[in-house]
Every structure is written in structure tokens, then in C-alpha cells.
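What follows is one structure encoded as C-alpha cells, with my remarks underneath.
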Amino acid sequence: MTSDAGSAVPQHPPVPLRLRDFEGRIGSPFDIACQGEAQQLVLMAARELPGSPREEGGFRLEFRGPPEPRLPQAIYPFQIDGVAHDIFIVPIGFAIDGLLYEAVFF
Numbered sequence: 015m016t017s018d019a020g021s022a023v024p025q026h027p028p029v030p031l032r033l034r035d036f037e038g039r040i041g042s043p044f045d046i047a048c049q050g051e052a053q054q055l056v057l058m059a060a061r062e063l064p065g066s067p068r069e070e071g072g073f074r075l076e077f078r079g080p081p082e083p084r085l086p087q088a089i090y091p092f093q094i095d096g097v098a099h100d101i102f103i104v105p106i107g108f109a110i111d112g113l114l115y116e117a118v119f120f
């Protein structure tokens, strides 16, 4: 699939994300695109959320990003193993060296 400009548009897989997709990636950077600019968020935590009705199970991810730019809550395409996955993140606070964001799969 290509965009109007002729560049390749990443395919968004229908496969739901699972906690195990992130458990071994604590401390790893994830590339996202925000308003045409590349940004990096580092995965700080990946925790199970018991009681979720999701077939794949519920979980919570916490990311740390740079102090600027501050990303608004929104859906961002995260590059995971070369594939774009749309993930909704919300800013949740400040860290000494940046901002914290959360994604919840429940």
C-alpha cells in the first residue's frame, strides 16, 4: 500500500498486543512518530492487570520520554520489530530526566 505521495504506508497488524511482547524490553527505546517528527520513548515498566476481560490478558506499560516535546494523549504508531502498532498513551507525570506516559490494555 502506498500513500498519495508514493511512499510506503506501514501496515497495522490486526494481531492484538500481549504483555509478553514487552516483558523482555524493559529499558528499550521505541520509535514513534509525532507530527511528522521521530521521537523515542523508553519502556520503564510492563505489568499485568488481573481481571481483564481481554482474551490476551490485561497489562499496563509505562514509558519515559524527553522533557520536550510534551506529547499530548493520543494514539501513536509505535515501531515494534519493524511493524507499526497503534498505541494510545497518556502523560502521567514527570521524571527527573523526562516525562512519563502510560498505555493500558484492559
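Mind the numbering: the sequence shown is residues 15 to 120 in the numbering used here, read in order. A virtual CB, placed ideally from N, CA and C, is assigned to each residue, including glycine.
Spatial neighbours of residue i in its chain, beta-carbon cut-off 8 Å, leaving aside the 5 residues before and after
i                : result
glycine 59       : One point to set straight first is that residue 59 is alanine, not glycine, in the sequence displayed. Excluding residues within five positions, the ones whose Cβ falls inside 8 Å are Ile40, Arg74, Leu75 and Glu76.
phenylalanine 44 : Gln54, Leu55, Val56, Leu57, Phe77, Phe92, Gln93 and Ile94
Residue range of the beta strand (DSSP E) that includes residue i
i                 : result
arginine 61       : 51-63
glycine 107       : 97-109
aspartate 45      : 43-48
proline 91        : 88-94
phenylalanine 119 : 112-119
Three-state secondary structure (DSSP) of residue i
i            : result
glycine 71   : coil
glutamate 76 : strand
leucine 33   : helix
arginine 3   : Because the chain in this structure spans residues 15 to 120, residue 3 falls outside the shown range and cannot be described.
Environment of residue i [buried if 16+ CB atoms lie within 10 Å]
i                 : result
arginine 78       : buried
isoleucine 103    : buried
isoleucine 106    : exposed
phenylalanine 36  : buried
phenylalanine 120 : exposed
Beta-carbon contacts of residue i that lie in its chain and below 6 Å, excluding the five residues immediately before and after
i           : result
glycine 38  : none
alanine 117 : Leu75, Ile101 and Ile103
Chain-order list of residues whose beta-carbon lies under 7 Å from that of residue i (same chain, five-residue window excluded)
i           : result
alanine 109 : Arg78
glycine 71  : Arg32, Leu33 and Glu62
| task | Check whether the segment 60-69 touches the segment 80-95, counting contact only when three or more Cβ pairs, one atom from each stretch, lie closer than 8 Å. | result | Flag = no, the segment 60-69 and the segment 80-95 do not touch.
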